[in-house]
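Asks: The numbers in my numbering rise by one with no breaks, and the one at position 16 of the sequence shown is 16.
Supplied in structure tokens, the structure appears directly below.
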Amino acid sequence: MGAAALQALHPPVSVILDRERLAAFEMDAYIQKRALPLAAVLPDDESQVQAVVKALKATGTPIVSRGAGTGISGGATPTPDSVVLALSKMRRIVEIDRNARLAVVEPGVRNLAVSEAAEPAGLFFAPDPSSQSISSIGGNVAENAGGIHCLKYGLTVHNVVGVRVIDGDGDCLEIGGRSLDSAGYDLLAVMTGSEGNLGVVTQATLRLLPRPEVTETLLAAFDSATEAAECVGSIIGAGIVPAALEMMDRVVIEAVERSMHLGLPKCQALLLVEVDGIAEEATDMRARVEALLHESGAREVRTASDEAERANLWKARKGAFAALAMMYPDYYTMDGAIPRRALPQVLDRIYELANEAGLVVGNVFHAGDGNLHPCLFYDGTKPGELERSEALGGRILELCIDVGGTITGEHGVGLEKLKQMCSQFREPEIAAFHDVKHAFDPAGILNPGKAVPTLKRCAEWGGLHVRAGRLPHPDIPRF
Numbered sequence: 001m002g003a004a005a006l007q008a009l010h011p012p013v014s015v016i017l018d019r020e021r022l023a024a025f026e027m028d029a030y031i032q033k034r035a036l037p038l039a040a041v042l043p044d045d046e047s048q049v050q051a052v053v054k055a056l057k058a059t060g061t062p063i064v065s066r067g068a069g070t071g072i073s074g075g076a077t078p079t080p081d082s083v084v085l086a087l088s089k090m091r092r093i094v095e096i097d098r099n100a101r102l103a104v105v106e107p108g109v110r111n112l113a114v115s116e117a118a119e120p121a122g123l124f125f126a127p128d129p130s131s132q133s134i135s136s137i138g139g140n141v142a143e144n145a146g147g148i149h150c151l152k153y154g155l156t157v158h159n160v161v162g163v164r165v166i167d168g169d170g171d172c173l174e175i176g177g178r179s180l181d182s183a184g185y186d187l188l189a190v191m192t193g194s195e196g197n198l199g200v201v202t203q204a205t206l207r208l209l210p211r212p213e214v215t216e217t218l219l220a221a222f223d224s225a226t227e228a229a230e231c232v233g234s235i236i237g238a239g240i241v242p243a244a245l246e247m248m249d250r251v252v253i254e255a256v257e258r259s260m261h262l263g264l265p266k267c268q269a270l271l272l273v274e275v276d277g278i279a280e281e282a283t284d285m286r287a288r289v290e291a292l293l294h295e296s297g298a299r300e301v302r303t304a305s306d307e308a309e310r311a312n313l314w315k316a317r318k319g320a321f322a323a324l325a326m327m328y329p330d331y332y333t334m335d336g337a338i339p340r341r342a343l344p345q346v347l348d349r350i351y352e353l354a355n356e357a358g359l360v361v362g363n364v365f366h367a368g369d370g371n372l373h374p375c376l377f378y379d380g381t382k383p384g385e386l387e388r389s390e391a392l393g394g395r396i397l398e399l400c401i402d403v404g405g406t407i408t409g410e411h412g413v414g415l416e417k418l419k420q421m422c423s424q425f426r427e428p429e430i431a432a433f434h435d436v437k438h439a440f441d442p443a444g445i446l447n448p449g450k451a452v453p454t455l456k457r458c459a460e461w462g463g464l465h466v467r468a469g470r471l472p473h474p475d476i477p478r479f
């Protein structure tokens, strides 16, 4: 019925119906769950998006909006009765405003393409997820993507000043804009990170920043992950805010080295620290960071001598997930955020939980802002291993809650973390989330079943109110 409504649209819109081509839309990068949608539609512009939403609302057909499919929490996983609204054809950079330091782009524009277009003006777009060469701005807004430099420059929500969206009724809403502030509730923050539940992004106005005069990048090797984690606290505690502060443990280092042969030190953990700014500021911060690295027990510290060496260091970090995929049969990456002070104890506890489960976990993550990305390895050909790894992932997320953190820092909830939403939030909070969704999507057709569980499902899982009764690990401080 929904497919027939799409085929009846005038002017016609590109619709995919055959099963072989639909297979490309059955999942995002969260490969543990997949389903073949009823159809996929690829609009050319905002008017076609609006027409599609109105047509599908009239038939009650669920709509799953999709960017580049790089999300790893199942946010773009369809259901058999849904239509995938793929926005990849909408990739115009409408404007680069040098004076206002703004970019106006369609949702299918690649993250990296924004900075490339802004480079002649001496500007860049700060959020830089590891998938930035292919991930799209619409997806970045939907998931509130972060990236390596989010410690200093913030997440997507801090770098978007306005969006145009089509809500569940097919109406076009313009939220935010070019001004510094706007009257009324902060609906822009509500929309950013809403995972397609509240509207389909058709245009985004992005904040651009001046490129720093000088950038200094350091690599430090440690004999234990605990030492490296404690050093993170020392750097931030000294009042230094690096542009980036990343960590990789031994499992990840070895995978990267086997895959790319970059000459990384043999050690238990690496910290990758980047500072930037005007020349005097960057030089001073580099010297202070280098001293703190040595004081914290780093047995080797390298400083990139030129842009080529700096790019090589970042190649190790940005290529880590691809390297891990080559070394292990199957894996998936979790995403939780914790207070920085709890980082050493939480890492120790993650390794304990992995040993108890009989599984290997590697850690590569945004250490500076406590955004963890444990990589859980399993063999999908062995019965029960996927389920065992999912159970371990759930325990890690609950550990994040226990220390005063949250179950996602930048990947979103999607399908992956629905159970843990019931642990993090109480019944009135989840009910409020549903009230917000109903305001934007009365018929409930936009990406249903994602991001926020129903109260009934929480009751079935026995998750509600668990937060109040769970006791944290005795060695981990609660905040």
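The C-beta atom is built at its ideal place from N, Cα and C for all residues, glycine as well.
(1) With DSSP run on the structure shown, which of helix, strand or coil describes Arg91?
(2) In whole angstroms, what is the alpha-carbon distance linking Glu143 and Val214?
(3) Rank Ala126, Leu415, Asp348 and Leu56 by C-alpha distance to the C-alpha of Ala269 and give the top, closest one.
(4) Under the assumption that Asp57 contacts Ala443 (Cβ atoms under 8 Å), give the Cβ distance between them as a whole number of angstroms.
(5) Could you check where the alpha helix (DSSP H) with Asp276 kicks off and where it finishes?
(6) Which residue wins for smallest C-alpha separation from Gly393, given the options Tyr378, Val165, Val301 and Ala68?
(7) Looking at the unbroken alpha helix (DSSP H) that takes in Asp402, where does it start and where does it end?
(8) Among the residues of its own chain, which have a CB less than 6 Å from the CB of Gly500, if the five just before and after it don't count?
(9) Could you please give the first and the last residue of the uninterrupted beta strand (DSSP E) stretch that includes Pro344?
(10) Using a threshold of 8 Å, state whether the C-beta atoms of Pro129 and Gly146 are closer than that.
(11) If we require 3 or more residues per run, which beta strand (DSSP E) segments fall completely within the region 126-199?
(12) Who are Arg207's beta bridge partners in DSSP?
(13) On the DSSP letters alone, give me the boundaries of the beta strand (DSSP E) that Ser82 sits inside.
(14) Using 10 angstroms around the beta-carbon of Tyr185, count the other beta-carbons present and answer buried if the total reaches 16, otherwise exposed.
(15) On the criterion of 16 or more Cβ atoms from any shown chain inside 10 Å, does His261 qualify as buried, or is it exposed?
(16) Judging by CA-CA distance, which residue of Gly176, Ala189, Val190 and Ala298 is the nearest neighbour of Ser234?
(17) Enumerate, from N- to C-terminal direction, the unbroken alpha helix (DSSP H) stretches of 4 or more residues contained entirely within the region 8-93.
(18) Say whether the region 328-335 touches the region 291-307, bearing in mind that this needs 3 or more beta-carbon pairs closer than 8 Å, one atom from each stretch.
(19) Starting from Gly237, follow the alpha helix (DSSP H) in both directions and report where the run begins and ends.
(20) Which residues mark the beginning and the end of the alpha helix (DSSP H) in which Pro428 is found?
(21) In whole angstroms, give me the CA-to-CA distance for Val13 and Val83.
(22) Label Lys544 either buried or exposed according to how many other C-beta atoms from any shown protein chain fall within 10 Å of its C-beta, with 16 as the threshold for buried.
(23) Using the Cβ count rule (16 or more neighbours within 10 Å means buried), how would you classify Val241?
(24) Give me the Cβ distance between Ala72 and His366, rounded to the nearest whole Å; I'm assuming they're in contact under 8 Å.
(25) Is Asn363 helix, strand or coil when you go by DSSP?
(26) In angstroms with no decimal places, state the Cα-to-Cα distance between Ala323 and Ile253.
(27) Check whether the Cβ atoms of Asn159 and Arg207 sit closer than 8 Å, and answer yes or no.
(28) In its own chain, which residues sit with a C-beta less than 8 Å from the C-beta of Ile183, not counting the 5 before and 5 after it?
(29) What does Arg302 pair with, by DSSP beta-bridge criteria?
(30) Could you check where the alpha helix (DSSP H) with Leu324 kicks off and where it finishes?
(31) Leaving aside the five residues before and after Ala451 along the sequence, list all residues of the same chain whose C-beta is less than 6 Å from its C-beta, in chain order.
(32) Taking DSSP as the reference, what is the three-state secondary structure of Met334?
(33) Could you check whether the region 135-142 touches the region 167-179, counting it as contact only if at least three pairs of C-beta atoms, one from each stretch, sit closer than 8 Å?
(34) In whole angstroms, what separates the C-alpha of Gly358 from that of Lys315?
(35) Among the residues of its own chain, which have a CB less than 7 Å from the CB of Pro339, if the five just before and after it don't count?
(36) Is it buried or exposed, Lys417, if we count other Cβ atoms within 10 angstroms and call 16 or more buried?
Replies: The answer reads as follows:
(1) Of the three classes helix, strand and coil, the one that applies to Arg91 here is coil, per DSSP.
(2) Using only the alpha carbons, I get a separation of about 31 Å.
(3) The shortest C-alpha separation from Ala269 is found at Asp348.
(4) Reading the sequence as shown, one finds Lys at residue 57 and not Asp. With 8 Å as the limit, Lys57 and Ala443 qualify as a contact, their Cβ atoms being about 6 Å apart.
(5) Going by DSSP, Asp276 is part of no alpha helix (DSSP H) but of the beta strand (DSSP E) stretching over Ala269 to Gly277.
(6) Measuring from the Cα of Gly393, the nearest candidate turns out to be Tyr378.
(7) Start and end: Glu385 to Asp402.
(8) Residue 500 lies beyond the range of the chain shown here (1 to 479); nothing can be said about it.
(9) Annotation for Pro344: no beta strand (DSSP E) segment contains it, though the alpha helix (DSSP H) segment containing it runs Leu343 to Ala357.
(10) Taking a C-beta distance under 8 Å as the contact criterion, Pro129 and Gly146 qualify as a contact pair.
(11) Complete beta strand (DSSP E) runs here, min 3: 160-166 and 172-176.
(12) Leu102, per the DSSP bridge assignment.
(13) It is not in any beta strand (DSSP E) - Ser82 carries neither H nor E in the DSSP assignment.
(14) So Tyr185 counts as exposed.
(15) Exposed, by the Cβ-count rule.
(16) Nearest to Ser234 by C-alpha distance, out of Gly176, Ala189, Val190 and Ala298, is Ala298.
(17) Taking only runs of at least 4 residues, the alpha helix (DSSP H) segments lying wholly in the region 8-93 are 19-22 and 46-59.
(18) With a cut-off of 8 Å, the region 291-307 and the region 328-335 do not count as touching, because too few Cβ pairs lie within range.
(19) Here the alpha helix (DSSP H) through Gly237 covers Ala225 to Gly237.
(20) Per DSSP, Pro428 is one residue of the alpha helix (DSSP H) stretching across Glu427 to Phe440.
(21) Rounded to whole angstroms, Val13 to Val83 spans 13 Å at the Cα level.
(22) Outside the shown range of the chain, which is 1 to 479, sits residue 544, and nothing can be said about it.
(23) The C-beta of Val241 has fewer than 16 other C-beta atoms within 10 Å across all chains shown, which makes the residue exposed.
(24) According to the sequence provided, residue 72 is Ile. The question's Ala does not apply to it. Not a contact, Cβ separation roughly 15 Å.
(25) Asn363: strand per DSSP, three-state reduction.
(26) If you draw a straight line from the Cα of Ala323 to the Cα of Ile253, it comes to about 9 Å.
(27) Yes.
(28) Correcting the residue identity first, residue 183 is Ala in this sequence and not Ile. Correct list: empty, nothing qualifies.
(29) Per DSSP, Leu219.
(30) From DSSP, the alpha helix (DSSP H) with Leu324 extends over Ala320 to Met327.
(31) Excluding positions up to five away in sequence, the list reads Glu195, Asn197 and Val413.
(32) Of the three classes helix, strand and coil, the one that applies to Met334 here is coil, per DSSP.
(33) The region 135-142 is not in contact with the region 167-179.
(34) Take the alpha-carbon of Gly358 and the one of Lys315: they are about 31 Å apart.
(35) Hits under 7 Å: Gly370, Val403, Gly404, Gly405 and Phe479.
(36) Buried: at least 16 other Cβ atoms inside 10 Å.
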